[in-house]
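Contents: one structure, followed by commentary.
Residue numbers (our numbering): -17 to 150.
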């Protein structure tokens, strides 16, 4: 989420655009402090159209259907999955891969769909991690497929990896 918010997919967000987002978030934070409404951004679309982007279609298929939709009793379904503009800055300052190499010598297993739009983040984490590490691509799987599509989850790989690395 850090790199996705800082840089967007394929590093398509410029530094200038990032600065504009940070400035807008600062203005919104002040407005909210003074009682203004919370502004929500991005998130999963609520309706599919002929022009809906394929990534949004994938998220819709999970987050807007019984497959993965959940709205807490105190929440509004119109804002679930939608971050606030002010929280975007927190995401931009989230660097989960910093110091990933220090996890070694504990083994790391990365499993991702080879069709995932987020593939670049799995590749980045794997590249940064120290040994022992392993990266498994699940053929034909997208970003959300490995959340719940148990027929795609490589349980045999999980079992063999844990048996190898968790044995006494």
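Quick reminder that beta carbons are idealized off the backbone N, C-alpha and C, glycines included.
| Query | Result |
| --- | --- |
| Under 8 Å between the Cβ atoms of residue 65 and residue 23? | yes |
| DSSP has residue 120 in a bridge; who is on the other side? | 95 |
| Report the three-state DSSP secondary structure of residue 77 (helix, strand or coil). | coil |
| Which residues does DSSP pair with residue 22 in a beta bridge? | 66 |
| What does the alpha-carbon distance come out to for the pair residue 124 and residue 63? | 18 Å |
| What does a CB cutoff of less than 7 Å around residue 97 pick up in its chain, not counting 5 residues either side in sequence? | 122, 123 and 124 |
| For residue 133 and residue 93, I'd like the C-alpha separation in whole angstroms. | 14 Å |
| Label residue 137 either buried or exposed according to how many other C-beta atoms from any shown protein chain fall within 10 Å of its C-beta, with 16 as the threshold for buried. | exposed |
| Checking 8 Å against the spacing of the C-beta atoms, do residue 68 and residue 59 come in under that value? | no |
| Given a threshold of 16 other Cβ atoms within 10 Å of its Cβ, counted over all protein chains shown, does residue 111 qualify as buried or as exposed? | buried |
| Using the rule of at least 16 other Cβ atoms within 10 Å of the residue's Cβ for burial, across every protein chain shown, is residue 77 buried or exposed? | exposed |
| Alpha carbon to alpha carbon, how far is residue 43 from residue 73? Give it in angstroms, no decimals. | 24 Å |
| By how many angstroms is the C-alpha of residue 19 removed from the C-alpha of residue 57? | 16 Å |
| Throw me the rounded Cβ distance for the residue 130 and residue 49 pair, which I believe falls under 8 Å. | 7 Å |
| For residue 107, which residues from the same chain have a beta carbon less than 7 Å from its beta carbon, with the 5 sequence-adjacent residues on both sides left out? | 79, 82 and 92 |
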